[in-house]
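Residue 248 in the UniProt record's numbering is what sits at position 248 of the sequence shown, and the numbering runs on without skipping anything.
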Amino acid sequence: MKRLERLDQILRDRRSPVSVEQLMEQMNCSKATVYRRINELKNHYQAPVLQDDENRYYYDKQANFALPGIRFTAEEAQGLLMAADILNKLQGDKLSAPIARIIDSISRLLAEQGITNQKLVQFIPTLVRKPQPAVFLTVLTALQKNKKLQLSYRSRQGQHSERLVSAQHLSYYKNNWYLDAWCHRVDALRLFAMELIEHAAVDPEKAYVLDKQQLREHYANSYGLFAGDAKNHATIRIDLTRAPWVENQIWHSQQKTIRRNQQFVEIEIPYHHSAELISDVLQLGPAAEIIAPEQLRLEIKQALQLNLQQYDSPP
């Protein structure tokens, strides 16, 4: 990182003024260089650099200042790396050229931050289901042009249907793509797995767009992918001797976590549909137990019994 950018970062991150000696140490440079960079910030870029009574430097936090050019936080760099990885996996015959241009732009932005070898960062997808590239592009086009979509859809049970929908947004969840859309056949929000859309066409009619607040509430209130009004709350007891990492795991933005003792923590989560919640709890094995509600305890008990039946007789 260039010393000017390093100085800007130090002043931006500091909550208290910083001395010249501290800047020399952090920037690994001489006192003269520190003063040159400070003057450059103030005089060339009009940065809001102030001094206190002890000649220490700090930024005026009320000023809206940013150095020219693009600089990333760690989270932003991670997001760009993930975006490039997702786009690489999406490429197909009809998407290869435009996606290649986007990936090239992302690579240039990352290179400006010193990230020149993206192969050193590995994303390992699991249980990925890829949508048809042509379908993905059609859905994006409808979203961009605010048009309805005609879909040929095959459910996981193999049932085919023709749908007219108004796409609201795409979701990338647990390595797979989903379309959240208003289905005009049932007049309700529905979730469509992108890989199950066999054909998609842009309809000339303008899409029906739901109120943003209504959408936020629909998707934020319940657990996981299956959104809707949170009709229930699940309480899950976690045995930290078996799964200590779960104590710092975020299940839901509105979860409540109660530490009962050194061994157990209880997590309360709002949910609408139970399927995904049951699946995630089962993955923790004996480290997790659903305490409430009783109906959810019964559902997970039945799921375990069905699993055990698979092993009651030889394969």
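Heads up, the beta-carbon is just placed ideally off N, CA and C, and yes, glycines get one too.
query, result
"Backbone CA spacing between K42 and Y59 [nearest angstrom]", "11 angstroms"
"Inter-residue Cα distance where the pair is residue 382 and R185", "Shown here, the chain extends from 1 to 315; a query on residue 382 therefore has no answer."
"Proximity to A275 [Cα-Cα], best of E266, P204, Q295", "Q295"
"Helix, strand or coil at M1 according to DSSP, with G and I counted as helix", "Low confidence applies to M1: its pLDDT is 49, below 50, so where it sits in the model is not reliable, and the reading given next is rough at best. Coil."
"9 angstroms Cβ cutoff met for I238 and A287", "yes"
"For K301, the first and last residue of its enclosing beta strand (DSSP E)", "Counting along the chain, K301 falls outside any beta strand (DSSP E), though it belongs to the alpha helix (DSSP H) covering 294-309."
"Coarse secondary structure for D239, derived from DSSP in three states", "strand"
"Residue environment, V209, which counts as buried when at least 16 other CB atoms sit within 10 Å", "exposed"
"As assigned by DSSP and simplified to three states, the class of P204", "strand"
"Cβ neighbours of Q263 in the same chain (closer than 7 angstroms, five flanking residues each side left out)", "D239, L240, T241"
"CB contact check: E294 to chain D, cutoff 9 angstroms", "Going by chain labels, chain D is absent from the structure shown, which holds only one protein chain."
"Rounded separation between M1 and A200 - CA only", "A caution first: M1 carries a pLDDT of 49, below 50, which makes its placement in the model too unreliable to give a value."
"Length of the line joining the Cα atoms of Q168 and R129", "21 angstroms"
"Coil, strand or helix - N39 by DSSP", "helix"
"Close Cβ partners of A63 (< 6 angstroms) along its chain, the five nearest in sequence each way excluded", "P48"
"Distance between A181 and Y173 (C-alpha atoms, nearest Å)", "16 angstroms"
"Within 9 angstroms, strictly: CB atoms of Y57 and V18", "yes"
"Collapsed DSSP secondary structure at W245 in the structure displayed", "helix"
"Local Cβ density within 10 Å of A142, reported as buried at 16 or more and exposed below that", "buried"
"Three-state class that DSSP yields for S171 in the structure shown", "strand"
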